[in-house]
Structure formats: C-alpha cells, structure tokens
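The sequence shown begins at 1 in the UniProt record's numbering and counts up by one. We treat Cβ as the ideally placed atom computed from N, Cα and C, and that holds for glycine. This report refers to the structure that appears directly beneath it.
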Amino acid sequence: MEEIQAITEGKIIAKRWKVVEKLGEGGMGAVFKVRDITRFQTYAAMKVEGDISDGGVLKLECHVLKNLAPLPNCARLMDSGDRKTYCFMVMTLLGKDLMAHKREANTARLCDQTTLRLAMGTLFAIKQIHEVGFAHRDIKPGNCVTGIHGSDAKNIYLIDYGMVRKFTANKDNGAVGLRKARSGEQLFRGTPRYCSMNVHQRKEQGRVDDLWSWLYMLIELHCGLPWRRLTDEKEIMEAKGACPMETLLKGCPKEFANIYKYLETIEYKDRPDYFGLWSECFTGFKRVRGSFFGRFEWELDKGPEDMFTALCISEKRAPNDYKVASKMQMAKKIWPYADSAEFKKNILKL
Ligand SMILES: Nc1ncnc2c1ncn2[C@@H]1O[C@H](COP(=O)(O)OP(=O)(O)O)[C@@H](O)[C@H]1O
Ligand SMILES: [Mg+2]
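If you want it as structure tokens, here you go:
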C-alpha cells in the first residue's frame, strides 16, 4: 500500500491524469478522481492497485471493461498502464455508490418507489455484464453507483470487476457454450452478507447467484437484512439458511416474494428470465404510483424539480404534427431500465 500512499493530490500519472481527490479505498488499492490535463475540464476515475506481486486483478477488470465497450450504459475504459510498483486503470467518472447515497439520505429505510427503481436499474446493469459472459460474483451496494450529471444521476452502473468469472466457453466448432460448472469445493468469492447459499456451500457461481445477491442487496437497502449485524461467515450462513421467506421479505414490496420463488427454481445452467424479473419490479412500481422522473431520497434537497416543455418532450416529426411524446416514451429514451424491450433482448444467446 506504500506505493499508493505516494499518490496524492496534484500528482500526474502517465503525463495525463492529475489526481484531484480520493474517492474510495479497498483491500487491494484505491480509486481517485483525476483530471485529464490534455483536455478542457475532463474528469475520470482512476483505480490503482498496489500489490501486484501475484499479478493483481486490474488486468481482469480492464478485460471486462473492454468486453462491455459495445454495450450502452456501461462505464468506459479510457487508459491503463503498469508501473514498477503499481497498476492503474482509468474509467468513466461515476457518482456515489448506493451505500453512500443511502447514508447521505440519512434514513433507515428507502421508500418502495426508490427500492423498486433501484431494482430495475441494478438488474439492467447486472444483465449487461451477463450478456458478455461474466458472472460478477460481488453484487452489493458498494459496487453499484449512479451517474453524475442530470438524468444520468438516475442511472445505475455496476463497477468492481475484480471477482468476475467467465461462465461461457468456446466450443470446438467455434460456437459459444456454457462453461462447465466445476464440481467440488470452490474458493469463497464474494461478500458473506450478500452471497447466495450456493456460495456459502462453496459451489460454482453463475448468473443465478448474482441475482440472489441482487435481491439481498435490495432488501438491505430497503429495510435491512436480518443477518446484518453478524460478521462471521458461518453464522451468517446459518441465519440465512434458517430465515423463512416471510421473515426475510417483511416490509418489502410484495412482488419480491415472486422474485424469491422464481430464483429458487433456477440454477447455474439457466438463463435467468430478466424480463420476468423486471416485470415484477415494474408491476410494483406502478402499484405504488412510482414515477421515473421522481427523485431518490438523496436528491430531495437538490434544487428545483426538473421541468418539461413541449420542446424537450417532442420527437422528430412532421412540422404540422403537434403530438408530444408521453412521459413513459421519454423515460425509455433516457433510462434503459425503464424500457421492457431492453430486458427482452438476448444478446449472449445463452
Ligand atoms: N468509476 C468510478 N467513479 C466514481 N467512483 C468510483 C468509481 N469506481 C469506484 N468508485 C468508488 O470507489 C469505491 C471502491 O471501488 P471498487 O472498484 O469497488 O474497488 P474495491 O475493489 O476496492 O472495492 C467504490 O465503492 C466507489 O465508491
Ligand atoms: Mg468494491
């Protein structure tokens, strides 16, 4: 970590990235806000890894970002490099993670509207990484961030690809197939509070396990998980295993019960029904009269509400056609997670 301590405000890396401030710190390194000194007022996020004796994970993270490049609404890789004592990766600067946002909102519970909207946003972000063949294996509030500017502050991005695993493999005929799940005991990968029972039992993780973590994360953000005060992995596993669905979901949007029951029916080899999961969330969102233009709790004191005029809501059309787009049509254009069609797309075909 010494190498990283030497990275302080004002330092310039690769003749281009000037360190502005530290955004976060983890086991392997740190994340900084940096300014691109070769461009006018351009900022980015730089993740730095200090201990690279065993190769580190930043190369893997870069690899995932490169794979995500053709997909909309994902962070972009802008630069990367090796130094003698550290590695760095420069990516799109994003906003705060969901834990930080909730802390800022200073509330023990998030409202149904916020939770269901986060459910759709994070599901879309998870689907994107699955579509390029990776299971994330560490879905949690600290790894989900919002955008920064305007409507992008209501978008959700998944970061931290240090624990991903490819679940696809190229078959002999060149087609993409499912990578065989390893049998036997696997190393623990993830975070005990949010991992699926499968992971406690050291089984191979795939898409379904990311979705269990997704559900646990949403419950934690909404009203808290029953095992949130435990720290020992074995104790967490016992609490999780013994917790009936009704207790776990007490106080949550009622649609979560269908999600829970659905997740119980799928396993490693199955493509999750993203559209079905989204539909449950969207049904709840309509039930509580949620609006995609509404504010998250942490945005409540951020100046006047957005306003819409005929100009911003009109589409390209014939000059004498004054029909304006509906709010729902607008939402779909701005936030991909508002659009059912995004969840019906099967890009990976697996
Ligand atoms: N692109 C980014 N833009 C803004 N903040 C970021 C970005 N990447 C990471 N962060 C912040 O830094 C924290 C740690 O980054 P993360 O990639 O999760 O590393 P770690 O492996 O240490 O958990 C995140 O929780 C987030 O708050
Ligand atoms: Mg992280």
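Check                                                                                              : Outcome
Any non-hydrogen atom of ligand 3 closer than 7 Å to Met91 Cβ                                      : Ligands in the displayed structure: ligand 1 and ligand 2; ligand 3 is not one of them.
Where the alpha helix (DSSP H) containing Met217 begins and where it ends                          : Arg207 to His222
CA nearest to the CA of Asn143, picked from Glu299, Trp214, Thr231 and Lys180                      : Trp214
Beta-carbon proximity check, Pro253 vs Leu110, cutoff 8 Å                                          : no
beta-carbon Asp160 near ligand 2 non-hydrogen atom, thresh 7 Å                                     : yes
Contact set for Gly276: own chain, Cβ-Cβ below 7 Å, skip 5 residues either direction               : Tyr262
The stretch 81-90 touching the stretch 2-18, judged by at least three CB pairs closer than 8 Å     : yes
Enclosing beta strand (DSSP E) for Asn170 [first to last residue]                                  : Thr168 to Asn170
Trp278 - containing alpha helix (DSSP H), residue span                                             : Tyr274 to Arg287
Separation of Leu71 from Glu131, as counted between CA atoms                                       : 9 Å
8 Å Cβ cutoff met for His200 and Met245                                                            : no
Pairwise C-alpha distance: Asp79 and Thr38                                                         : 13 Å
Coarse secondary structure for Tyr161, derived from DSSP in three states                           : coil
Contact under 8 Å by Cβ, Tyr260 with Ala181                                                        : no
Identity of the residue in Trp335, Lys234, Ala257 and Glu21 nearest Thr191 by Cα                   : Lys234
Simplified DSSP assignment, three categories, for Lys344                                           : helix
Nearest to Asp138 (by Cα), restricted to the options Gly150, Ser151 and Thr122                     : Thr122
Heavy atom of ligand 2 within 7 Å of Gly29 beta-carbon                                             : no
Backbone secondary structure at Met245 - three-state DSSP                                          : helix
Range covered by the alpha helix (DSSP H) that runs through Ala45                                  : Run containing Ala45: none in the alpha helix (DSSP H); it sits in the beta strand (DSSP E), Thr42 to Glu49.
Residue environment, Leu13, which counts as buried when at least 16 other CB atoms sit within 10 Å : As written in the sequence, residue 13 is Ile, which differs from the Leu given in the question. So Ile13 counts as buried.
For Arg103, three-class secondary structure by DSSP                                                : helix
6 Å CB neighbourhood of Arg101 in its chain, flanking five on each side removed                    : Position check: residue 101 holds His in this sequence, whereas Arg was assumed. Within the same chain, His101 has close Cβ partners Trp298.
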